[in-house]
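Here the sequence shown stands for residues 24 to 358, numbered as in my numbering.
Positions of the beta carbon are idealized from the N, C-alpha and C atoms, including for glycine.
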Amino acid sequence: MRSSNPSVALVLLSLLPPFILATAPFSYSASKVPSAAALGESKRYEGSSDLVNLRYHMGPVLSSRINLYLIWYGRWSPSQQSTIRDFLLSISDATAPSPSVAEWWSTVALYADQTGANVTRSLAIAGESSSPSLSRGATLTRLSVQQVIADAMHAGLPADHRNGVYLLFTAAGVDVQDFCRAVCGFHYFTFPSMVGHTLPYAWIGYSGRRCPEVCAYPFAVPSYMGQGTTAMRPPNGDVGVDGMVSVIAHELAEMSTNPLVNAWYAGDDPTAPTEIADLCEGVYGSGGGGAYTGAVASDGAGRQFNVNGRKGRKFLIQWVWSPVRRSCAGPNAVN
Ligand SMILES: *[C@@H]1O[C@H](CO)[C@@H](O)[C@H](O)[C@H]1NC(C)=O
24 MRSSNPSVAL VLLSLLPPFI LATAPFSYSA SKVPSAAALG ESKRYEGSSD
74 LVNLRYHMGP VLSSRINLYL IWYGRWSPSQ QSTIRDFLLS ISDATAPSPS
124 VAEWWSTVAL YADQTGANVT RSLAIAGESS SPSLSRGATL TRLSVQQVIA
174 DAMHAGLPAD HRNGVYLLFT AAGVDVQDFC RAVCGFHYFT FPSMVGHTLP
224 YAWIGYSGRR CPEVCAYPFA VPSYMGQGTT AMRPPNGDVG VDGMVSVIAH
274 ELAEMSTNPL VNAWYAGDDP TAPTEIADLC EGVYGSGGGG AYTGAVASDG
324 AGRQFNVNGR KGRKFLIQWV WSPVRRSCAG PNAVN
């Protein structure tokens, strides 16, 4: 099923990439808004792997155990934080029933670097920092995001060169450059001039109040999709947080396979890399693509999900590109 309005899809297709490049002060890798155009591309990629030229560019992948450092910017409720923590801790939790978050990550772990080292399956939360009072204000740029990370280090988070990955979560009421307009999250690495170190990080914003139909799709749907598309019910009861979980999954998968933006990506332009989750945006199950998420499950209360996590949690997260199958892959595939 496609967007009922092909002209909107065309406009987005022609406007989005130049817009991102024109406003980028430096190269970065973004989870773009799921425009009708991008959703259409996912379908194409799933159907025909010849169009995808995902290549390895000789850089490292995150093969050592990943220590996650969480930075909460703005006000978060304990239940929002525990949903996100449980998702992150589910990646290495092999005890959850199939299809599980850990099985979803096994596709990411198929990527290796030139030394033959695969992406790790071991991720832990090693530290957290909070700035409920918005120390750098309610509007962040891509560069001031790095100042927030530097502040968190001054407040006690270690600069963990061996295993550290930094995740910055911005709460409702915080605007970030291009948030909701062109991106829902992005990953990159910090600069020594800003943070004192070169460390991989990602930013993901809470979109529940600002633009759920853009960044928390399919728990809210944009009007251009027409009346036939209804929003799904979020598995953890919070449209914004359940939407963030899929963006977090997207960024972690890409950060692990392309942490310094010189390892795994498609296309010839490292300032606009197409990474392993970009290729599968909007695909959550078999047959997914276009305006269709693919086959996903529903619990007794009608909440949709595609993977199980720890403590009985359920999540709906997008698939990622498998280098072995040369298609998008996820553990809830129906064969
Ligand atoms: C490691 O990566 C290689 C190359 O992609 C793959 O064949 C192998 O299955 C991966 N190993 C694991 C344990 O995922």
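Asked, Found
"Collapsed DSSP secondary structure at Gln327 in the structure displayed", "strand"
"Integer-rounded CB distance, given that Gly228 should sit under 8 Å from Val389", "Look at the range of the chain in this structure, 24 to 358, and you will see that residue 389 is not part of it."
"Val343 and Cys351 closer than 8 Å at C-beta", "yes"
"Sequence-distant residues of the same chain with beta carbon closer than 7 Å to Val262, five excluded per side", "Gly231, Pro235, Ala239, Phe242, Ala243"
"Beta strand (DSSP E) runs wholly inside the region 297-351, at least 3 long, in chain order", "343-345"
"Complete beta strand (DSSP E) runs within the region 146-173 (minimum length 3 residues, chain order)", "146-154"
"Sequence-distant residues of the same chain with beta carbon closer than 7 Å to Pro48, five excluded per side", "Unreliable placement is indicated for Pro48, whose pLDDT of 34 sits below 50; the coordinate value is still reported in the next sentence. Answer for Pro48: Arg165, Leu166, listed in chain order."
"CA nearest to the CA of Asn141, picked from Val168, Thr106, Val84", "Val84"
"Closer than 7 Å: Leu133 CB and nearest ligand 1 heavy atom", "yes"
"Asn329 burial status per 10 Å Cβ neighbour count (16 or more: buried)", "buried"
"Residue span of the beta strand (DSSP E) that contains Thr118, given as start and end", "That residue, Thr118, is in no beta strand (DSSP E); it is neither H nor E in DSSP."
"Buried or exposed (CB count within 10 angstroms, at least 16 for buried), Gln200", "buried"
"Sub-8 Å separation of Thr143 and Ser87 beta-carbons", "yes"
"Residues near Ser345 in its chain [Cβ-Cβ closer than 8 Å; skip 5 each side]", "Thr130, Leu133, Cys351, Ala352"
"Nearest neighbour of Phe214, chosen from Gln250, Ala173, Asp136 [CA to CA]", "Ala173"
"Closer than 7 Å: Asn141 CB and nearest ligand 1 heavy atom", "yes"
"Rounded straight-line distance, which links the Cα of Tyr96 to that of Ser216", "22 Å"
"Identified DSSP bridge partners for Val188", "Leu91"
"Lys337, buried or exposed, once every other Cβ within 10 Å from all chains shown has been counted against 16", "buried"
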